[in-house]
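To start, the structure itself, in C-alpha cells.
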Amino acid sequence: MEGLQGEYERALRSYLRQGGESSLKQAYELGRRALSGGQGILDMIALHQQSVEKILGDTQQIGVLHQAGDFFVELMSPFEMTHRAFGEANDTLRRLNESLESETRRIARALHDESGQLLAAVHIQLRQMARGLSPGAQFNLTEIETLLEQVEQQLRNFSHELRPTVLDDYGLVPALQTLAEKFSKRFDLPVNVDGKVNPRLTRSVEAAMYRVTQEALNNVARHAKASRVSIRLWRIPGEFHCCIRDDGVGFDPAAVAKGSRNTLGLLGIRERLTVLGGTLEIESAPQQGTELRIFVPVEA
Ligand SMILES: Nc1ncnc2c1ncn2[C@@H]1O[C@H](COP(=O)(O)OP(=O)(O)OP(=O)(O)O)[C@@H](O)[C@H]1O
Ligand SMILES: [Mg+2]
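Quick note on numbering: numbering that gives the first Met the number 0 labels position 265 of the sequence shown as 264, and the sequence is numbered without any gaps.
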C-alpha cells in the first residue's frame, strides 16, 4: 500500500500539472493492480484522500477536506460491502470452474485409458477365438474388429474433446490450432489461428479460453453462415487479448442481451471471463460479421 500511495500521488501530481492520457492510463493501471492485490473501495478513497491532502499541503481548507473524506467513506461503505460480496462470489465461481475442469480431466483420462485397455483385451480374445473358426466366421470376426476400432477411435475423440491433452502439454495456441483444424474439417469452414502467448498463461486462464473459443466456434457453426473465421491471440505485460472474428450474417448483441430466450453460450463466455477479472466486447451487426474481443488481466 505504501508503494502504491507514493505512485498514485506522483501520478496525480503529474496529471494536475499537465493533464494527459498517460497519467490517466497510469491511474487505471494502479487501480487494476490494487484490485488484484485485494484492495477495496474504501482503501482507494483513503489513498486518494491522503494524496490530495499532501498535494494541497497546509491550507485552511485541509480540515474541511479531511472531514468531508470521513463523511464520504460512510457514504461508500454499502458499495464496499457489495464489492466484497461480489469478489467472494467470483472466488467461489473460479474454484468451482477449476474443480469442474479437473474433474473433466479425470473423466477424459479414465475414458481414454480404461476403455483403451478393455478394448485391447477384447481384441486379444477375438484373435484367440478366430484361430479355431472357419474362414467365413473369421471374416465376420474381422468385421467386428473393424467396428471395435471405430468405437475406440470415437472414444478417443470424445476424450480429447472433453480435455485436450495438447492444452496441458503445449498450451493454448497449439490446443486452439488443433480445435480449429477439427472444426474446419467438420464444417468445411477455414479457421485461422494466429498469435503467440509467451510465457504460458495460468492453467485456469488457458482452460477458460479454450472453453470460450469452443463456444464461440459453436456459435459460428450454428448461427453465422460464415465463410471464414480468424482467431488472434496476443499477450503484453499484464494483459492477454484474444479476438475471434467471423464474416457471417452477424446479429444485434443488444437485442440478444435483452431478449427473453434462455440462451447460455454468450452468458457462459462472459461468466468465465468475469471470474478472471476479464471482459468480453461484442461487435456485430446484421450482415456485418461478428467479432468477440476478449481481455483478461494476467501477471505482468
Ligand atoms: N457468430 C455469430 N453469428 C451470428 N449470430 C450469433 C453469433 N453468435 C451468437 N449469435 C446470436 O446470439 C444468440 C445468442 O448466442 P448464445 O450462444 O448465447 O445462445 P445460442 O447459441 O442460441 O444457444 P446456446 O445456449 O446453446 O449457446 C444466438 O442465438 C444467435 O442469434
Ligand atoms: Mg451458443
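We treat Cβ as the ideally placed atom computed from N, Cα and C, and that holds for glycine. Given the structure is predicted, the values throughout are model-derived calculations rather than measurements.
Give me, in chain order, the residues of the same chain whose beta-carbon lies closer than 8 Å to that of residue i; leave out the 5 immediate sequence neighbours on both sides.
{"i": "Glu237", "result": "It is worth fixing the name first, because residue 237 is Gly in this sequence and not Glu. Around Gly237: Glu28, Arg31, Pro296, Val297, Glu298 and Ala299."}
{"i": "Gly264", "result": "Glu214, Asn217 and Asn218"}
{"i": "Ile342", "result": "An answer regarding residue 342 cannot be provided, because it is not within the stretch 0 to 299 covered by the chain."}
{"i": "Tyr209", "result": "Pro163, Leu166, Leu171, Ala174, Leu175 and Leu178"}
{"i": "Asp168", "result": "none"}
Classify residue i: buried if its beta carbon has 16 or more other beta carbons within 10 angstroms, exposed otherwise.
{"i": "Leu64", "result": "exposed"}
{"i": "Asp251", "result": "exposed"}
{"i": "Pro163", "result": "buried"}
{"i": "Arg221", "result": "exposed"}
{"i": "Ala67", "result": "exposed"}
{"i": "Phe78", "result": "exposed"}
{"i": "Ile230", "result": "buried"}
{"i": "Ser158", "result": "buried"}
{"i": "Ser98", "result": "exposed"}
{"i": "Gly306", "result": "Any question about residue 306 goes unanswered here, given that the chain covers just 0 to 299."}
{"i": "Ala119", "result": "exposed"}
{"i": "Leu95", "result": "exposed"}
{"i": "Leu166", "result": "buried"}
{"i": "Gly56", "result": "exposed"}
{"i": "Glu100", "result": "buried"}
{"i": "Gly249", "result": "buried"}
{"i": "Phe239", "result": "buried"}
{"i": "Ile123", "result": "exposed"}
{"i": "Ala254", "result": "exposed"}
{"i": "Ala256", "result": "exposed"}
{"i": "Leu188", "result": "buried"}
{"i": "Ala207", "result": "buried"}
Would you mind giving the Cβ-Cβ distance between residue i and residue j, rounded to the nearest angstrom? I have them listed as a contact below 8 Å.
{"i": "Leu232", "j": "Val172", "result": "6 Å"}
{"i": "Ser203", "j": "Leu275", "result": "7 Å"}
{"i": "Gln17", "j": "Leu46", "result": "At roughly 21 Å, the Cβ-Cβ gap does not stay under 8 Å, so Gln17 and Leu46 are not in contact."}
{"i": "Ala284", "j": "Gly247", "result": "Incorrect: roughly 12 Å between the Cβ atoms, too far for contact."}
{"i": "Ser35", "j": "Tyr7", "result": "About 16 Å separates the two Cβ atoms, so there is no contact after all."}
{"i": "Asn89", "j": "Thr262", "result": "Incorrect: roughly 22 Å between the Cβ atoms, too far for contact."}
{"i": "Gln116", "j": "Ala129", "result": "Actually they do not touch by this definition, with Cβ atoms about 21 Å apart."}
{"i": "Glu73", "j": "Ile61", "result": "No, Glu73 and Ile61 are not in contact; Cβ-Cβ is about 20 Å, not under 8 Å."}
Please indicate yes or no: does the CB of residue i lie closer than 8 Å to some heavy atom of ligand 2?
{"i": "Leu263", "result": "yes"}
{"i": "Glu290", "result": "no"}
{"i": "Glu214", "result": "yes"}
{"i": "Asn217", "result": "yes"}
{"i": "Arg269", "result": "no"}
{"i": "Arg221", "result": "yes"}
Using a Cβ-Cβ cut-off of 7 Å (strictly less than) and excluding sequence neighbours within five positions of residue i, which residues of its own chain qualify?
{"i": "Gln25", "result": "Ala10"}
{"i": "Leu125", "result": "Leu140, Ile143 and Glu144"}
{"i": "Gly170", "result": "Val196, Arg199 and Glu205"}
{"i": "Phe186", "result": "Ala220"}
{"i": "Ser133", "result": "none"}
{"i": "Ser22", "result": "Ala10, Ser13 and Tyr14"}
{"i": "Arg108", "result": "none"}
Starting from the C-beta of residue i, find all residues in its chain whose C-beta is less than 6 Å away, skip the five residues before and the five after it, and write them out in chain order.
{"i": "Arg234", "result": "Val196"}
{"i": "Arg244", "result": "Ser229 and Glu290"}
{"i": "Thr103", "result": "Leu161 and Arg162"}
{"i": "Gln48", "result": "Gly68"}
{"i": "Val190", "result": "Ala179, Phe182, Ser183 and Val228"}
{"i": "Val192", "result": "Leu175, Gln176, Ala179 and Ile230"}
{"i": "Phe294", "result": "His240, Gly277 and Thr278"}
{"i": "Cys242", "result": "Arg231 and Arg292"}
Say yes only if the C-beta of residue i is nearer than 8 Å to one or more non-hydrogen atoms of ligand 1, and no if none qualify.
{"i": "Arg260", "result": "yes"}
{"i": "Leu188", "result": "no"}
{"i": "Ala225", "result": "yes"}
{"i": "Leu266", "result": "yes"}
{"i": "Asp90", "result": "no"}
{"i": "Phe250", "result": "yes"}
{"i": "Val255", "result": "yes"}
{"i": "Asp167", "result": "no"}
{"i": "Ser283", "result": "yes"}
{"i": "Gly247", "result": "yes"}
* At a cut of 8 Å, does the segment 201 to 214 reach the segment 258 to 278 through at least three beta carbon pairs? -> yes
* Asked: Are there three or more Cβ pairs, one per stretch, closer than 8 Å when the segment 33 to 50 is compared with the segment 79 to 86?
  -> yes
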